[in-house]
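Trainee:
Number of protein chains: 2
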Amino acid sequence: MSHIEKTVASKEVFSGHILKLRVDTVELPNGNPSTREVVEHPGGVAVLALDNDQAVLFVRQYRYPYRQEILELPAGKLNYGEDPAACGLRELEEETGYTAGSYQFLARVYPSPGYADEVLHLYLARALQYRAQKLDPDEFLTVERIPLERALSLCLDGTITDAKTLVALLKYNELCRRGEI
Amino acid sequence: MSHIEKTVASKEVFSGHILKLRVDTVELPNGNPSTREVVEHPGGVAVLALDNDQAVLFVRQYRYPYRQEILELPAGKLNYGEDPAACGLRELEEETGYTAGSYQFLARVYPSPGYADEVLHLYLARALQYRAQKLDPDEFLTVERIPLERALSLCLDGTITDAKTLVALLKYNELCRRGEI
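So the sequences go chain by chain: A and B.
Counting in the numbering used here, the first sequence runs from 536 upward without gaps.
Counting in the numbering used here, the second sequence runs from 536 upward without gaps.
#1: Using a Cβ cut-off of 8 angstroms (strictly closer), state whether B/Tyr-650 contacts chain A.
#2: Distance check for B/Glu-679 and B/Ser-637, CA to CA, integer angstroms please.
#3: Look up B/Asp-559 in the DSSP assignment and give the residues it is bridged to.
#4: For A/Glu-540 and B/Gly-566, what's the separation of their Cα atoms in angstroms?
#5: With which residues is B/His-538 paired in a DSSP beta bridge?
#6: Quick check on A/Pro-682: does DSSP put it in helix, strand or coil?
#7: Can you list, in chain order, the residues of the region 563 to 584 of chain B whose Cβ is nearer than 9 angstroms to any Cβ on chain A?
#8: What separation, rounded to the nearest whole angstrom, lies between the Cα atoms of A/Phe-675 and A/Pro-564?
#9: Give the interface partners of B/Gln-596 over in chain A, defined as CB-CB distance under 8 angstroms, in chain order.
#10: Taking the alpha helix (DSSP H) that A/Ala-698 belongs to, which residues open and close that run?
#11: Please determine, among A/Asp-588, A/Glu-607, A/Ser-569 and A/Ile-716, the residue with the shortest C-alpha to C-alpha distance to B/Pro-672.
#12: Determine, for B/Gly-551, whether the minimum Cβ-Cβ distance to residues of chain A falls below 8 angstroms.
#13: Are B/Glu-653 and A/Ser-647 close, meaning C-beta to C-beta below 8 angstroms?
#14: Within the 8 angstroms Cβ cut-off, does A/Phe-675 reach chain B?
#15: Are the region 555 to 564 of chain B and the region 609 to 629 of chain A in contact at 8 angstroms, needing three or more beta carbon pairs?
#16: Please name the residues in the region 607 to 630 of chain B whose beta-carbon is closer than 9 angstroms to at least one beta-carbon of chain C, in chain order.
#17: I want to verify the contact list: residues of chain A whose CB lies under 9 angstroms from the CB of B/Leu-701, in sequence order.
#18: Rounded to whole angstroms, what's the CA-CA distance from A/Glu-709 to A/Glu-715? Just pull it up for me.
#19: Checking contacts by CB at 8 angstroms: is A/Cys-690 closer than that to chain B?
#20: How far does the alpha helix (DSSP H) with A/Thr-694 in it reach, from first residue to last?
#21: Beta-carbon within less than 8 angstroms of B/Thr-502's beta-carbon, same chain only, minus the 5 sequence neighbours each way: which residues are those?
#22: Among A/Ala-544, A/Val-574 and A/Tyr-707, whose alpha-carbon lies nearest the alpha-carbon of A/Gly-551?
#23: Alpha carbon to alpha carbon, what distance is there between A/Phe-640 and A/Leu-663?
#24: Within 10 Å of its beta-carbon, does A/Gly-649 have 16 or more other beta-carbons around it, so buried, or fewer, so exposed?
#25: What does B/Leu-592 touch in chain A if you count any residue whose Cβ is under 9 angstroms from its own?
#26: Compare the C-alpha of A/Ala-698 against each of B/Arg-602, B/His-656 and B/Glu-626 and name the closest.
#27: Between which residues of its own chain and B/Ala-635 is the CB-CB distance below 7 angstroms, once the five residues before and five after are set aside?
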């Protein structure tokens, strides 16, 4: 049984640099009207970059909505129409200085399906080579290199809270155990 | 080194049923001004409910931002000030009809740290007992019971895309392997 919600009306209430917000009037499967608040976001890409010593490259950065610095995989926002795979390589090099000789798709994640249309694309990068970090003058982050086993422990003990980072590390770990990657 | 962004000004641009949106002017660590678009959300709770046959209770529901039905763990939005543990038990019973004799904390997740302050609280529920589903008249979802091993396969093959569901299942699986839960 399908439970489609038909759009009756749509109103954009905000259009910013990062996101747009619209409020739609919908018709529910029972015919009742309801409203849906929808955050429109171009989507993002995160990269699990593993070096030859099986260490993972992290970035520690201040996340304003939580008013704290958190540990995340290198990641960035897609430009509309941009290829996610290329975006991941670009963000990895800009934030950490590394390029990848081996690169593959890992997962597609919906972070907040209740109210946002954002899709996160996760990739695995290996055979890393250092070139040069290219941070924007207004971008502040610290690169940290953490052994894979230690990074997994940080997922399990609650230190890592970022959804994309948890999914990438835990999924990669399980695929490795199964010999599927 | 800490990279705190100081709030210089804050303007609420939207206040709805599910979320609020504000645009803040901040001072970056280098003294430059910038803006931050912040979605305020009360947070949510999701429950990995495992029955005595090691099957997981899922809900399949239409997610308007993606215009598709997706498979997720039972979950709900926190009321401001509500205890997350109690919210999880309530949502589990409302959506699936089950109460839990055993209940424990599993993870705390930031779904979109770039622009949202939402925190997701994940719990593990066992020793389930069926009472009665209590769906809101305007809530449409189908409960599906999926064996744990099959559910894990759905995380690995890309069928499951929901972040909270991926984190809960993959983390629970790894904790089991390590004998830590």
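Where is the CB? At the ideal position from N, CA and C, for every residue including glycine.
Mentor: Taking the coordinates as given:
#1: Counting from 1 along the second sequence, the entry for residue 650 of chain B is found at position 115. Yes, its Cβ sits closer than 8 angstroms to a Cβ of chain A.
#2: Here residue 637 of chain B refers to the residue found at position 102 when the second sequence is read from its first residue. Here residue 679 of chain B refers to the residue found at position 144 when the second sequence is read from its first residue. Looking at the two C-alpha atoms, the distance is approximately 21 angstroms.
#3: Mapped onto the second sequence, residue 559 of chain B falls at position 24. B/Ser-545 and B/Arg-571, per the DSSP bridge assignment.
#4: Start at 1 with the first residue of the first sequence, and residue 540 of chain A comes out as number 5. Start at 1 with the first residue of the second sequence, and residue 566 of chain B comes out as number 31. Distance between the alpha carbons of A/Glu-540 and B/Gly-566: 47 angstroms.
#5: Residue 538 of chain B sits at position 3 when you count from the first residue of the second sequence. According to DSSP, B/His-538 bridges with nothing at all.
#6: Residue numbering aside, residue 682 of chain A sits at position 147 when the first sequence is read from its first letter. If DSSP states are grouped into helix, strand and coil, A/Pro-682 belongs with the strands.
#7: Leu-563, Pro-564, Asn-565, Asn-567, Ser-569, Thr-570, Arg-571, Glu-572, Val-573, Val-574, Glu-575, His-576 and Gly-579
#8: Translated into the one-based positions of the first sequence, residue 675 of chain A becomes position 140. Translated into the one-based positions of the first sequence, residue 564 of chain A becomes position 29. Taking the straight line from one Cα to the other gives about 47 angstroms.
#9: Locating residue 596 of chain B in the second sequence gives position 61, where the first residue counts as 1. Residues of chain A passing the Cβ test: His-538.
#10: Along the first sequence, read from residue 1 onward, the residue named residue 698 of chain A stands at position 163. That run of the alpha helix (DSSP H) goes 698 to 712.
#11: The sequence position of residue 672 of chain B within the second sequence is 137, counting from 1. With distances taken between Cα atoms, B/Pro-672 lies closest to A/Ser-569.
#12: By one-based count along the second sequence, residue 551 of chain B stands at place 16. Taking Cβ atoms only, chain A reaches closer than 8 angstroms to B/Gly-551, which makes this a yes.
#13: As a first step, residue 653 of chain B is located in the second sequence; it is residue number 118 there, counting from the start. As a first step, residue 647 of chain A is located in the first sequence; it is residue number 112 there, counting from the start. Against a cut-off of 8 angstroms, the Cβ pair of A/Ser-647 and B/Glu-653 comes out as a contact.
#14: To locate residue 675 of chain A, count along the first sequence from 1; it is residue 140. Interface residue, yes.
#15: no
#16: Considering every chain present, this structure includes no chain C. Its protein chains are A and B.
#17: What you label residue 701 of chain B is simply residue 166 of the second sequence in a count that begins at 1. Going along chain A in sequence order, the residues near B/Leu-701 (Cβ under 9 angstroms) are Ala-642, Val-644, Ala-698, Leu-701, Val-702, Leu-705 and Lys-706.
#18: As a position in the first sequence, residue 709 of chain A is number 174, starting the count at 1. As a position in the first sequence, residue 715 of chain A is number 180, starting the count at 1. Roughly 9 angstroms between the two C-alpha positions.
#19: The residue you call residue 690 of chain A lines up with position 155 of the first sequence. Closer than 8 angstroms: yes.
#20: Taking the first sequence and counting its residues from 1, the one referred to as residue 694 of chain A is at position 159. Run containing A/Thr-694: none; DSSP gives neither H nor E here.
#21: Only positions 536 to 716 of chain B appear in this structure, which leaves residue 502 of chain B out of reach.
#22: For this step, residue 551 of chain A is matched to residue 16 along the first sequence. Closest by alpha carbon: A/Val-574.
#23: Taking the first sequence and counting its residues from 1, one reaches residue 663 of chain A at position 128. Taking the first sequence and counting its residues from 1, one reaches residue 640 of chain A at position 105. Between A/Leu-663 and A/Phe-640, the C-alpha separation is close to 16 angstroms.
#24: If you number the first sequence from 1, residue 649 of chain A lands on position 114. A/Gly-649 comes out buried.
#25: Here residue 592 of chain B is taken as the residue at index 57 of the second sequence, counted from 1. The contacting residues do not exist; B/Leu-592 stays about 18 angstroms from chain A at best.
#26: Here residue 698 of chain A refers to the residue found at position 163 of the first sequence. That would be B/His-656, whose Cα lies nearest to the Cα of A/Ala-698.
#27: Translated into positions along the second sequence, residue 635 of chain B becomes position 100. Around B/Ala-635: Ala-584, Leu-624, Leu-627, Ala-660, Arg-661, Ala-662 and Leu-663.
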